[in-house]
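In the working numbering, the protein residues as written are 443 to 927. We put the CB at the ideal spot given by N, CA and C, even for glycine. I have placed the structure first, in the form of structure tokens, so that the comments after it can refer back to it.
Structure below.
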């Protein structure tokens with residue numbers, strides 16, 4: 443196939459499942475993971491996020507800057523900006539088990555002030571259905587779906603520090619009271635398998651947990667829990683000192699990174715996304731080696747959280763700077779960067795040699811290269827092929843660095859002008875919708891100021907061409923790409 447040509451694949455996904463299957467990440471995938479189309483999508487101080495059933499639409503709740511008004515927003519990946527549900531009365535919401543609806547609290551004007559009513563929003567038709575009568579706004583108002591027709595919510599009676607757990611039925615009738623607690627505060631409702639939900643109430647005697655579940659006959663059962671329900675299997679732990687630990691056993695682990703503020707395991711458990719102050723990184727459960735995927739370009743920001751979509755193809759992070767909040771959103775992909783270098787004909791480069799790409803070097807008193815000026819380091823490559831000629835040695839190498847942005851450091855831009863007739867695309871479409879670009883490849887010129895140092899030698903060479911291959915993470919049982927250029 444000729445260069446600069448596009449392949450369009452029109453495919454149909456199996457839409458019977460509520461969540462797309464996640465990409466099964468290998469150690470090699472994690473080493474090439476990058477964040478594509480990373481952008482701020484809303485100014486909001488986030489408290490909670492979930493994903494819709496399409497695996498790409500993010501739902502988040504929080505407060506707006508300056509006004510501190512509650513808000514619940516959605517961002518679907520191809521929008522210019524986030525959309526907000528009308529008249530949110532609380533930052534809390536919940537996505538239905540089938541991933542198609544959102545329940546949230548909606549403001550209702552009353553003569554004695556503002557109240558809140560339980561509302562169900564269906565993004566597909568942009569319809570809102572109210573459930574039950576309005577209630578006074580309070581500090582609890584946690585929400586969780588027990589099933590496709592049952593929604594649990596908490597109510598806090600603040601004068602006497604008591605709380606009630608209710609269940610609303612979307613098929614009609616007043617909410618049913620399931621639990622009443624004294625001398626404490628609701629901490630949250632956590633969905634689990636079953637279907638089941640764990641209700642947490644912090645009282646003067648400690649944290650109380652009750653599991654609400656539906657039995658095989660459809661009856662609601664409430665069972666006090668002595669211990670916390672087991673978490674989903676993960677080999678990652680974040681301790682109280684900000685250490686991200688890869689667990690090898692209950693008694694032994696590996697410190698993968700420090701200064702970590704939050705962690706979100708991948709859907710398959712093979713990796714974890716995590717945040718430091720301004721950096722989003724990923725680490726594999728196979729080797730515990732971290733890789734930076736993106737750095738937030740906002741001075742003074744402090745990241746608070748991150749989340750990996752259930753389908754594995756998207757991620758988000760949120761944080762604050764002063765009284766201003768931010769939500770960032772991006773699509774995950776794999777990036778393979780290779781480059782061709784020219785060295786003298788006498789070069790000692792061999793397969794497996796390492797090349798450090800820099801702008802300047804440190805010299806000894808005789809003018810000989812000692813080592814690079816590490817403050818100008820741009821990339822690290824490993825030699826994959828050596829071609830020797832009469833007057834030069836051409837080396838082909840692959841990037842193995844752990845920092846994001848190698849293409850920008852090598853060429854001056856994440857999307858540099860491709861060399862003539864070297865760009866290729868593969869796009870995948872669903873039915874009659876707009877196609878998604880699944881793969882993109884191109885070659886570009888490196889910056890003229892760059893040089894390559896052959897590790898442990900005085901040899902230097904110059905980069906000739908940078909080759910970039912990018913591929914999106916798609917569900918493994920979705921449309922399968924074919925090779926092409």
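- Scanning its chain for C-beta atoms nearer than 7 Å, with the 5 sequence neighbours on each side dropped, one finds around residue 791 the residues 785, 825, 828, 835, 837 and 896, in chain order.
- Between residue 637 and residue 691, the C-beta spacing is not below 8 Å.
- As DSSP reads the structure, residue 627 sits in a beta bridge with 644.
- Judged by DSSP secondary structure, residue 818 falls outside any beta strand (DSSP E); it is assigned neither H nor E.
- According to the DSSP assignment, residue 848 belongs to the alpha helix (DSSP H) that extends over 848-853.
- Excluding sequence positions up to five before and after residue 818, its CB lies within less than 7 Å of the CB of 800, 801 and 802, all in the same chain and listed in chain order.
- By alpha-carbon distance to residue 570, the top candidate from 586, 548, 622 and 556 is 548.
- When rounded, the separation of the alpha-carbon atoms in residue 724 and residue 680 is 14 Å.
- With 16 or more other Cβ atoms inside 10 Å of its own Cβ, residue 774 counts as buried.
- Ranked by Cα distance from residue 710, the first of 726, 606 and 568 is 726.
- Setting aside the 5 residues that flank it on each side, residue 891 is surrounded in the same chain by 801, each with a C-beta closer than 7 Å to its C-beta; the list follows chain order.
- Membership of residue 746 in the beta strand (DSSP E) is indicated by the continuous run 744-750.
- Only residues of its own chain outside the window of five on either side were considered, and among them 580 and 581 have a CB closer than 8 Å to the CB of residue 600, listed in chain order.
- In this structure, the straight-line span from the alpha carbon of residue 665 to that of residue 519 is close to 40 Å.
- Residue 641 counts as buried, since no fewer than 16 other beta carbons sit within 10 angstroms of its beta carbon.
- Going by C-alpha positions, residue 611 is about 6 Å away from residue 591.
- Under a 10 Å Cβ-count criterion, residue 793 is classified as exposed, with fewer than 16 other Cβ atoms of the shown protein chains found around its own Cβ.
- In the structure shown, residue 740 adopts coil according to DSSP, grouped into three states.
- In the three-state DSSP reduction, residue 530 falls in the strand class (E or B).
- For residue 584, the closest alpha carbon among the candidates 535, 603 and 578 is that of 535.
- Between residue 823 and residue 846, the C-beta spacing is not below 8 Å.
- Shortest Cα-Cα distance from residue 716 to any of 762, 631 and 701 involves 701.
- Counting C-beta pairs with one atom in each stretch, the stretch 880-887 and the stretch 739-755 have fewer than three that are closer than 8 Å, which means they do not touch.
- Under the DSSP assignment, residue 611 falls in the beta strand (DSSP E) whose first and last residues are 604-611.
- Under the three-state reduction of DSSP output, residue 702 falls in the coil class, being neither helix nor strand.
- In its chain, beyond the 5 residues on either side, 548 and 549 have a beta carbon closer than 7 Å to the beta carbon of residue 529.
- Taken through DSSP and simplified to helix, strand or coil, residue 525 comes out as strand.
- By the criterion of at least three beta-carbon pairs nearer than 8 Å, the stretch 854-866 is not in contact with the stretch 760-780.
- Note that the C-beta distance between residue 472 and residue 713 is below 8 Å.
- Residue 508 and residue 532 do not touch by the CB rule: their CB atoms are close to 19 Å apart, not below 8 Å.
- Between residue 616 and residue 629, the alpha-carbon positions lie close to 24 Å from each other.
- Within the model, the alpha-carbon separation for residue 861 versus residue 903 is close to 21 Å.
- Around the beta carbon of residue 843, 16 or more other beta carbons sit within 10 angstroms, so the residue counts as buried.
- Residue 662 sits away from residue 779, with the two beta carbons spaced by 8 Å or more.
- For secondary structure counted as the alpha helix (DSSP H) over 4 or more consecutive residues, the stretch 463-527 holds these complete runs in sequence order: 469-473.
- The criterion of a C-beta distance shorter than 8 Å is satisfied by residue 853 and residue 887.
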